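One line per chain: the protein sequences are R and V, in this order.
To convert, note that position 185 of the first sequence is 184 in numbering that gives the first Met the number 0; the numbers rise steadily by one, no gaps.
To convert, note that position 416 of the second sequence is 415 in numbering that gives the first Met the number 0; the numbers rise steadily by one, no gaps.
2 protein chains.
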Amino acid sequence: MTDSNATGPNRRHFLAAAAAGSALAATAARAAPPDPRITEVQDWNVSWGDGVDATPYGLPIHHEAEVIRRNVPWLTADAVSSVNFTPIHALEGTITPQGCAFERHHAGAIDLPKADYRLMIHGLVDRPLVFSYDDLERFPRQNHVYFLECAANSGMEWAGAQLNGCQFTHGMIHNMEYTGVPLRALLAEAGIRPEGKWLLVEGADASAMSRSLPIEKALDDVLVAYKANGEALRKEHGYPVRLVVPGWEGNMWVKWLRRIEVGDAPWEHREETSKYTDTMADGRSRRWTWEMDAKSIITSPSPQARVNHGRGPMVISGLAWSGRGAIRAVHVSLDGGRNWQQARLSGPSHDKALHRFYLDIDWDGSELLLQSRAVDTTGYVQPTKDQLRAIRGVNSVYHMNGIQTWLVKPNGEVENVEIS
Amino acid sequence: MTDSNATGPNRRHFLAAAAAGSALAATAARAAPPDPRITEVQDWNVSWGDGVDATPYGLPIHHEAEVIRRNVPWLTADAVSSVNFTPIHALEGTITPQGCAFERHHAGAIDLPKADYRLMIHGLVDRPLVFSYDDLERFPRQNHVYFLECAANSGMEWAGAQLNGCQFTHGMIHNMEYTGVPLRALLAEAGIRPEGKWLLVEGADASAMSRSLPIEKALDDVLVAYKANGEALRKEHGYPVRLVVPGWEGNMWVKWLRRIEVGDAPWEHREETSKYTDTMADGRSRRWTWEMDAKSIITSPSPQARVNHGRGPMVISGLAWSGRGAIRAVHVSLDGGRNWQQARLSGPSHDKALHRFYLDIDWDGSELLLQSRAVDTTGYVQPTKDQLRAIRGVNSVYHMNGIQTWLVKPNGEVENVEIS
Numbered sequence: 000m001t002d003s004n005a006t007g008p009n010r011r012h013f014l015a016a017a018a019a020g021s022a023l024a025a026t027a028a029r030a031a032p033p034d035p036r037i038t039e040v041q042d043w044n045v046s047w048g049d050g051v052d053a054t055p056y057g058l059p060i061h062h063e064a065e066v067i068r069r070n071v072p073w074l075t076a077d078a079v080s081s082v083n084f085t086p087i088h089a090l091e092g093t094i095t096p097q098g099c100a101f102e103r104h105h106a107g108a109i110d111l112p113k114a115d116y117r118l119m120i121h122g123l124v125d126r127p128l129v130f131s132y133d134d135l136e137r138f139p140r141q142n143h144v145y146f147l148e149c150a151a152n153s154g155m156e157w158a159g160a161q162l163n164g165c166q167f168t169h170g171m172i173h174n175m176e177y178t179g180v181p182l183r184a185l186l187a188e189a190g191i192r193p194e195g196k197w198l199l200v201e202g203a204d205a206s207a208m209s210r211s212l213p214i215e216k217a218l219d220d221v222l223v224a225y226k227a228n229g230e231a232l233r234k235e236h237g238y239p240v241r242l243v244v245p246g247w248e249g250n251m252w253v254k255w256l257r258r259i260e261v262g263d264a265p266w267e268h269r270e271e272t273s274k275y276t277d278t279m280a281d282g283r284s285r286r287w288t289w290e291m292d293a294k295s296i297i298t299s300p301s302p303q304a305r306v307n308h309g310r311g312p313m314v315i316s317g318l319a320w321s322g323r324g325a326i327r328a329v330h331v332s333l334d335g336g337r338n339w340q341q342a343r344l345s346g347p348s349h350d351k352a353l354h355r356f357y358l359d360i361d362w363d364g365s366e367l368l369l370q371s372r373a374v375d376t377t378g379y380v381q382p383t384k385d386q387l388r389a390i391r392g393v394n395s396v397y398h399m400n401g402i403q404t405w406l407v408k409p410n411g412e413v414e415n416v417e418i419s
Numbered sequence: 000m001t002d003s004n005a006t007g008p009n010r011r012h013f014l015a016a017a018a019a020g021s022a023l024a025a026t027a028a029r030a031a032p033p034d035p036r037i038t039e040v041q042d043w044n045v046s047w048g049d050g051v052d053a054t055p056y057g058l059p060i061h062h063e064a065e066v067i068r069r070n071v072p073w074l075t076a077d078a079v080s081s082v083n084f085t086p087i088h089a090l091e092g093t094i095t096p097q098g099c100a101f102e103r104h105h106a107g108a109i110d111l112p113k114a115d116y117r118l119m120i121h122g123l124v125d126r127p128l129v130f131s132y133d134d135l136e137r138f139p140r141q142n143h144v145y146f147l148e149c150a151a152n153s154g155m156e157w158a159g160a161q162l163n164g165c166q167f168t169h170g171m172i173h174n175m176e177y178t179g180v181p182l183r184a185l186l187a188e189a190g191i192r193p194e195g196k197w198l199l200v201e202g203a204d205a206s207a208m209s210r211s212l213p214i215e216k217a218l219d220d221v222l223v224a225y226k227a228n229g230e231a232l233r234k235e236h237g238y239p240v241r242l243v244v245p246g247w248e249g250n251m252w253v254k255w256l257r258r259i260e261v262g263d264a265p266w267e268h269r270e271e272t273s274k275y276t277d278t279m280a281d282g283r284s285r286r287w288t289w290e291m292d293a294k295s296i297i298t299s300p301s302p303q304a305r306v307n308h309g310r311g312p313m314v315i316s317g318l319a320w321s322g323r324g325a326i327r328a329v330h331v332s333l334d335g336g337r338n339w340q341q342a343r344l345s346g347p348s349h350d351k352a353l354h355r356f357y358l359d360i361d362w363d364g365s366e367l368l369l370q371s372r373a374v375d376t377t378g379y380v381q382p383t384k385d386q387l388r389a390i391r392g393v394n395s396v397y398h399m400n401g402i403q404t405w406l407v408k409p410n411g412e413v414e415n416v417e418i419s
């Protein structure tokens, strides 16, 4: 757990860098003040700003116009059954704002007014029930922060370094604080019959997106959620009501949740047979691979977030998560996995939620091969891509949680590379 | 701690309400399906929705157009030196989205590009320094969730029940996850001289908003923050850099932070003498009242969030916070403070951050006088308005943290009332 290249930030180096930085700044921007106690009159200080009426509901400032969800047009035939990606390379902390949290639709995002919303629970129950939105608001509520990751996140990486930016390699993920009703409370109202072992959960979109959910999970921590990060779910995230299935692949978090049928066996619908299964080298497929394995990614530096400074103090920032609980540790390598250092976790660290990690180094300006490796509270250690391929082959699209490598060049550019 | 009117939700009552609700719904909206296993073809299920290109940066759905910050035009002469209020009556959980988090400006929100950003630290230091935005990104980062409350929040209530809605009585507050550099790290680079005991912190807006900050707080938990809820600070919240002063009144969280001067005594500027002091009954003024006392408010039901259902299960939801630490307990009264019940806390509960509380009752349909009372981890108990007036008189504008009362009428309407 040691690395001779990094011994933590060196103050002398920083002061040199800071002095240079400020001197350069003064030259480039304006003459330095004769006396540091006299502050300069700056452009933004001679006119007043916008008043409180300017933005009843605000958007990011125009300088941040590049921090948006991005689609990959060639990925699918039509945007209504496609995905876009969270700009994780430009975000910090752990919360993902709804406005830039990735979307994946199977038939587009629908406009469903609360007044028209209904949730039917039927099948192997004592009393079929239909709940309105107002009905749901009368049940005891809970608040929890959870990550949602698409099973296909990083899927292109099965074939090696494919996409040059963590927004595209790891951006099918977001992390929000949800408010909702435990599903078990609604099931208790309907009364599950003894033979009821599986649920079909179905959305109201044109794809009638549906998955089979085992009763054990439904009675554990699943939420019928209607708020995210304090406010109503956005249209593209299932307004007014979506399912929250903590730690499990995103396609099970059914949006515009309309129907829950209780049965005695799984339905084996399209989205759990031809899709969202993992074909192995021998042609057989893994199925019911619901849990998202522990994973991590360095978000900065990264191909979309190059290093804009020279040698000296550098902050390496990243995200780690596990569908099985919390993150116990994150290790970072500067040399492609030969040496590892313990990263520092900072900020909220909830079960089945994103964790933020940092490694603060003193960069000597030489080439780096950055990697991060997550360890969760079950002891599971994030594997290399080759370790995954040795077990699962390369026919899979889903559940790629291998260690990612970024090449940092002396000029500060960063590339997605793969090393063996 | 008991109340004969409430013994928790009664399942039989709920089922009656739910059955009625769904029957009504079926009649009003469409005929019930002949067989509950056959789902209806609904309007929103015959057309596809919007694709992933629709909103690169999303906004709330149009059905939520009323959930916005609101100004009170008569409060000030001009919107550039005014305030608007967070729609806390319509929010849930603990996080406040930046887009509807209240603003208070002294000379409007300014447009300050990162490239032009400078932070000067000077005065009683070994080496005056100027930091660029890029310099700040090279220091070790921390992430913390904190509430910001304006000292004037609830100020109108000193004179009794004035405003009919918690957005206006308690909406000068928000709660975000901040990413930034501990101020003590920047001060260490400059080197505080032994006689340096106070800081002047100053903003780059036309008001040059400034406050004196004691060195003890500056070296404790103050952050120089550049991200909130994962993304860049919004323009109206101080982009690109603001000060975060956990637990202390909002005007000290200087936006567009430009200058920090180290001195040996407080500056006693306008904003800490003629403003943000509390004039007592005898004409003398309390000053340096930085810490926000423990406080709570029921956000639903409330005047802007009336009860839309009859007797039976009702969720009472609210927020509690303290500038001195976490919330130990929240008590709720249904009868104007005669009887109290312990509320349930749900969700993240960080020091100096908003906590969400609930009381789940079985409403008998009769009139309620709702109150909430917060107790923080120091043992401080939120007082009544009259207890505050007895000590401080009624000349104050700031630091009103008295217990609020909502009258819930049998028809579901809610009013701001005061009882003695």
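Where a beta carbon is used, it is the ideal one built from N, C-alpha and C, also for glycine.
Bear in mind that the values here come from a model prediction, so they are computed numbers and not experimental data.
Query, Result
"Same chain only: Cβ atoms within 7 Å of Trp289(V), ignoring 5 sequence neighbours per side", "Trp247, Glu248, Met251"
"Segment limits, alpha helix (DSSP H) that includes Lys274(V)", "Per DSSP, Lys274(V) belongs to no alpha helix (DSSP H) and is neither H nor E."
"Residue from Leu162(R), Thr85(R), Leu369(R) with nearest C-alpha to Met175(R)", "Thr85(R)"
"Interface flag, Glu270(R) vs chain V, CB-CB below 8 Å", "no"
"Heavy atom of the ligand NAP within 7 Å of Pro213(V) beta-carbon", "This structure lacks the ligand NAP, and indeed carries no ligand of any kind."
"Local Cβ density within 10 Å of Trp287(V), reported as buried at 16 or more and exposed below that", "exposed"
"Whole-angstrom distance between Gln341(V) and Thr54(V), CA atom to CA atom", "43 Å"
"Residue range of the unbroken beta strand (DSSP E) whose run includes Ile120(V)", "117-122"
"6 Å CB neighbourhood of Ser306(R) in its chain, flanking five on each side removed", "One detail in the question is off: residue 306(R) reads as Val in this sequence, not Ser. Cβ within range, chain order: Pro300, Gly411."
"Residues near Asn400(V) by beta carbon distance below 8 Å, same chain, minus five either side", "Ser153, Met291, Asp292, Ala293, Lys294, Gln381, Pro382, Leu387"
"Cβ-based contacts, 9 Å cut-off: residues of the segment 300-311 of chain R near chain V", "Asn307, His308, Gly311"
"is_contact[Met313(R), chain V] using C-beta, thresh 8 Å", "yes"
"Proximity to Asp350(V) [Cα-Cα], best of Ser365(V), Asp363(V), Ser321(V)", "Ser321(V)"
"Nearest-angstrom Cβ-Cβ length linking His308(R) and Asp115(V), presumed shorter than 8 Å", "That belief does not hold up - the Cβ atoms of His308(R) and Asp115(V) are roughly 18 Å apart, past 8 Å."
"Alpha helix (DSSP H) runs contained entirely in the segment 188-241 of chain R, provided each spans 4 or more residues", "214-217"
"Close-in-space but distant-in-sequence residues of the same chain around Thr95(R) (CB under 7 Å, 5 per side omitted)", "Thr85, His173, Asn174, Met175"
"Completely contained beta strand (DSSP E) runs for the segment 276-321 of chain R, where each covers 3 or more residues", "294-299, 311-320"
"Trp43(V) to Thr75(R) span [Cα, whole Å]", "Confidence at Trp43(V) is low in this model, with a pLDDT of 48, below 50, so the placement of that residue should be treated as unreliable; the coordinate-derived value is given next. Each residue's alpha carbon lies about 23 Å from the other."
"Inter-residue CB distance, Gly392(R) and Met208(R) (contact presumed, cutoff 8 Å)", "Not really, about 28 Å apart at Cβ, beyond 8 Å."
"His61(V) versus Pro239(R) - alpha carbon distance", "12 Å"
"Minimum Cβ-Cβ distance from Ile94(R) to chain V less than 8 Å", "yes"
"Neighbouring residues, chain R, relative to Cys149(V) (Cβ below 8 Å)", "Per Cβ cutoff of 8 Å: no residues; Cys149(V) is ~12 Å from chain R at best."
"Chain-order list of residues whose beta-carbon lies under 6 Å from that of Arg372(V) (same chain, five-residue window excluded)", "His330, Gln381, Ile402"
"Beta-carbon proximity check, Ser211(V) vs Pro245(V), cutoff 8 Å", "no"
"Three-pair Cβ contact test at 8 Å for the segment 258-273 of chain V versus the segment 119-134 of chain V", "yes"
"Neighbour flag for Ile326(V) against chain R, beta carbons, 8 Å", "no"
"Option in Ala78(R), Ala151(R), Asp77(R), Ala64(R) with minimal Cα separation from Gln89(R)", "As written in the sequence, residue 89(R) is Ala, which differs from the Gln given in the question. Cα-wise, what sits closest to Ala89(R) is Ala64(R)."
"Inter-residue Cα distance where the pair is Trp405(V) and Arg137(R)", "19 Å"
"Inter-residue Cα distance where the pair is Leu369(V) and Glu230(R)", "24 Å"
"Which of helix, strand or coil DSSP assigns to Ala24(R)", "Low per-residue confidence applies at Ala24(R): pLDDT is 34, beneath 50, and the placement is therefore not dependable enough to give any value."
"Which of helix, strand or coil DSSP assigns to Thr95(R)", "coil"
"Rounded straight-line distance, which links the Cα of Val314(V) to that of Tyr357(V)", "7 Å"
"Interface partners of Asn70(R) on chain V, CB under 7 Å", "Val51, Asp52"
"Extent of the continuous alpha helix (DSSP H) to which Leu387(V) belongs", "384-391"
"Pairwise C-alpha distance: Leu318(V) and Val144(V)", "15 Å"
"Exposure of Asp220(R), with buried meaning 16 or more beta-carbon neighbours within 10 Å", "buried"
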